[in-house]
Amino acid sequence: MTAIALETSTPPRHVLQWLAVPAILIVSYGIIPAVGTSYLFEAILLPFLALSLAALGLNILTGYAGQVSLGSAAFMAVGAFAAYNFNLRVPGLPLIVSLMLAGATAAAFGILFGLPSLRLRGFYLAVSTLAAQFFVKWALTRFGWLSNYNSSGVIDAPPLTLFGLQFEGPLGRYLFALTIVVVTTAIAARLVATRSGREFVAIRDNEIAAKVFGVSIFRTKLLAFGVSSFIIGVAGFLWAFTYLRTVEPDGFNLDRSFSILFIIIIGGLASIRGAFFGAALIVVFPLVLSRLGTLIFGGVFDSGVLDMSQRIVIGALIILFLIAEPSGLVALWDRLTKGLFVRR
Amino acid sequence: MSDFDFSFLLEVLIGGLLSGVMYSLVAIGFVLIYKTSGVLNFAQGAMVLFAALTFVGILEHGVPFFVSLAVTLLIMAVLGVTIEQTVLRPLVNRPPIILFMATLGLAYILEGAAQLIWGTQVHGLNLGFDDKPLAVGEVLVSSFDLFAAAVAATMVALLTAFFRFTHTGLAFRAVADDQFAALAVGLRLPVIWAIVWTAAGFVALVAGLLWGARLGVQFSLSLIVLKALPVLVLGGFDSIVGAIVGGLLVGALEKLAEVYVGPAFGGGIEIWFAYVAALGFLLVRPTGLFGVKLVERV
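Protein sequences, first through last, are from chains A and B.
For what it's worth, our numbering labels the leading residue of the first sequence as 70, then goes sequentially.
For what it's worth, our numbering labels the leading residue of the second sequence as 29, then goes sequentially.
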């Protein structure tokens, strides 16, 4: 993680690259809603959007600021449950306000669990972020008030309304999630190009040197934890409200935290696009693998075998990427597309 | 409190200390690898699962106990060498946190492979030892826990003797002390790493057998890694003594907290208490009880 990877600082080299963002927006707002089936929205795009956003949040903390966190799922859970409770307890509160408050609650938790980062580094910090994971899970199952004393622990999410518009059905939820992801990504991409973003990279690469140059370690680290957890909290909201349509603590387990970390390793550390590349792989890959499994072997293997082979392949992919392509899918993509844009 | 039940407190304390021994067992595997290669091996829990499942799988095919043990040990040795060659060697000179992430991937592979080969159902494991409560004065102590403690003590003694009296042990200590100096005097790091991963596999097997006899050999064995991490944080990642003392502390504190503080929070605080205790401790002493203090110069 020592390479300085501020992709926003290198201007696009070719006119086609300038067109990338509008092209993505046209495809995702114009073409996909027109041709997409509800399977595409429910099984692929909604989890993809939520996980991309979570990975984007973690990438700010881990990729840019260099603080490894294993507690992402806990902050997702905080976001989801906070939004649920704000929505439930404050009648008439617009959903967008609940969403912002949920992000703020997750950010507060993030800053709280980020406090150890002021004294700890590396492994010790990674281990201490696990505390968030266990504490949040325990609190959510222990205090019934948080889930409105729902005996099953599975709560239906309220309908999605934004500025008086109802977002219903798979397509509606997709557009809702997409809009939130687009806005958040734009803000995050802007943030990492600012002074604060550069300070993140500075403390990642050399904390002492950063201190010498007058970067406040205290402010920068806690800002990284706060911003990252805010985004992850919003992602948790998307996961529960648009993808699963239920709010329950079980989905936000340690495996989820790991898969978010895997997304940024595979996609590319310290890269906005990396989160999306990695999330696409992590969401689509198991589906492809299980399809392939049934196609090739028929019904010979049960789902347990498939689950286990998936685990093995994902683990192997992680190691493979760390060894062969430490900058992730993003670097791979750039190398592939370079030939298209650069004059031959 | 006039009617304070002192023997109950003692029972809780001893029970906690003994379960702490089990945590130490897992933690020692971490320390071995961290000391010599600077990697926090998250896959240690998966190795415990892998070793225990392999052992039980072979045993259930009618192979005698000690033959299964030897075969499992051999498999763990092969695994250690393979890990060194395929994962560690290509990642030499990369930041420690990258190596840590690689061991996360390794944990996934080992968990998947172990259950793919041996199945996901729970295997019972009987070490030929009845868990009869033993009465010591007024206090009841689990005899299985005592047995586990004895095994752990033997293993630590063996490891200590190995480090102190053999050439390989000396090489270990040299590498742990200063990798570059060790390289400069001609020690072959890859060989030492392969041996150290094998040793960690051996520790994992012992831990897997004891935990497996207690809980049944199943996936949750892999999760004891999460119990061992606060132990490491408390004891320091690079100290075997720290792993033992940390394990005992965490075990005792956890049980005492659950019994005496837990009811105030509605119980179940065992899950996170160790982490919070370790965190609080770290804020005061960032290198743990016995960890080496890193001096940073500007």
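Where is the CB? At the ideal position from N, CA and C, for every residue including glycine.
A quick note: this is a predicted structure, and the numbers were derived from the prediction, not measured.
Inset, instruction - Using a Cβ-Cβ cut-off of less than 9 angstroms, list which residues of the region 353-384 of chain A approach chain B; keep chain order. - result: Gly373, Val374, Asp376, Met377, Ser378, Gln379, Arg380, Ile381, Val382, Ile383, Gly384
Inset, instruction - Please report how far the alpha carbon of glycine 148 of chain A lies from the alpha carbon of leucine 254 of chain B, in whole angstroms. - result: 24 angstroms
Legend entry - Cβ of isoleucine 252 of chain B within 7 angstroms of any chain D Cβ: Any reference to chain D falls outside this structure, whose protein chains are A and B.
Inset, instruction - Give me the Cα-Cα distance between leucine 168 of chain A and valine 303 of chain A, rounded to the nearest whole angstrom. - result: 7 angstroms
Legend entry - glutamine 72 of chain B - containing alpha helix (DSSP H), residue span: 72-87
Inset, instruction - List the endpoints of the continuous beta strand (DSSP E) containing glutamine 207 of chain B. - result: Glutamine 207 of chain B -> not in any beta strand (DSSP E); alpha helix (DSSP H) instead, spanning 207-212.
Inset, instruction - Would you decide whether serine 138 of chain A is buried or exposed? Buried here means 16 or more other CB atoms lie within 10 Å of its CB. - result: buried
Inset, instruction - Note down the Cα distance separating leucine 234 of chain A from leucine 181 of chain A, rounded to an integer number of angstroms. - result: 36 angstroms
Legend entry - Beta carbon proximity, glycine 213 of chain A to chain B, threshold 7 angstroms: no
Inset, instruction - Write down the C-beta distance between alanine 176 of chain A and glycine 295 of chain A rounded to the nearest angstrom, noting that I regard them as a contact closer than 8 angstroms. - result: 4 angstroms
Inset, instruction - Give a yes or no on whether the C-beta atoms belonging to phenylalanine 110 of chain A and proline 227 of chain A are separated by under 7 angstroms. - result: no
Inset, instruction - Would you mind reading off the limits of the beta strand (DSSP E) that contains serine 170 of chain B? - result: 167-170
Legend entry - alanine 414 of chain A versus isoleucine 332 of chain A: straight-line alpha-carbon distance, rounded: Since the first and last residues shown for chain A are 70 and 413, residue 414 of chain A lies out of range.
Inset, instruction - Give the DSSP-derived three-state secondary structure of glycine 229 of chain A in the structure shown. - result: It should be pointed out that residue 229 of chain A corresponds to leucine in this sequence rather than to glycine. Note: leucine 229 of chain A maps to strand in three-state DSSP.
Legend entry - Per-residue contacts from glutamate 139 of chain B into chain A (C-beta, under 7 angstroms): Arg380
Legend entry - Completely contained alpha helix (DSSP H) runs for the region 166-216 of chain A, where each covers 4 or more residues: 191-211
Legend entry - Within 7 angstroms, strictly: CB atoms of phenylalanine 78 of chain B and serine 96 of chain B: no
Legend entry - Per-residue DSSP class, three states only, for alanine 293 of chain A: helix
Legend entry - Bridge partners - isoleucine 301 of chain A, DSSP secondary structure assignment: According to DSSP, isoleucine 301 of chain A bridges with nothing at all.
Legend entry - Buried versus exposed call for arginine 380 of chain A [16 or more other C-beta atoms within 10 Å across all chains shown]: buried
Inset, instruction - Please work out which residues of its chain come closer than 8 angstroms, Cβ to Cβ, to leucine 358 of chain A, disregarding the five sequence neighbours upstream and downstream, and give them in chain order. - result: Leu375, Ser378, Gln379, Val382
Inset, instruction - Per DSSP, which residues does alanine 163 of chain B bridge with? Please list them. - result: B/Leu168
Inset, instruction - Going by DSSP, name the residue or residues bridged to histidine 151 of chain B. - result: B/Val245
Inset, instruction - Measure the alpha-carbon distance for alanine 209 of chain B versus valine 203 of chain B and round it to whole angstroms. - result: 8 angstroms
Inset, instruction - Give the single residue among B/Phe301, B/Trp300, B/Tyr303, B/Val40 whose Cα lies nearest to the Cα of valine 167 of chain B. - result: B/Val40
Inset, instruction - Keeping to the same chain, check which residues put their C-beta closer than 6 angstroms to that of alanine 348 of chain A; ignore five residues upstream and five downstream. - result: Phe117, Leu120, Ser121, Ala124, Ile332
Inset, instruction - Could you work out which residues of chain B lie near serine 197 of chain A, taking near to mean beta carbons separated by less than 8 angstroms? - result: Val261, Tyr303, Ala306, Leu307, Leu310
Legend entry - Proximity of valine 59 of chain B and alanine 271 of chain B at Cβ, strictly below 7 angstroms: yes
Inset, instruction - Could you tell me whether the Cβ of tyrosine 136 of chain B comes closer than 7 angstroms to any Cβ of chain A? - result: yes
Legend entry - Through-space distance from serine 328 of chain A to leucine 127 of chain B, alpha-carbon basis: 17 angstroms
Inset, instruction - Indicate whether at least one CB of chain A lies closer than 7 angstroms to the CB of proline 118 of chain B. - result: yes
Inset, instruction - Measuring only between beta-carbons, confirm whether methionine 129 of chain B sits less than 7 angstroms from chain A. - result: yes
Legend entry - Residues of its chain near phenylalanine 70 of chain B, where Cβ-Cβ distance is below 6 angstroms and the 5 sequence neighbours each way are ignored: Thr131, Leu132, Ala135
Inset, instruction - Give a yes or no on whether 7 angstroms exceeds the smallest Cβ distance from tryptophan 221 of chain B to chain A. - result: no
Inset, instruction - Check whether the Cβ of valine 284 of chain A lies closer than 7 angstroms to any Cβ atom in chain B. - result: no
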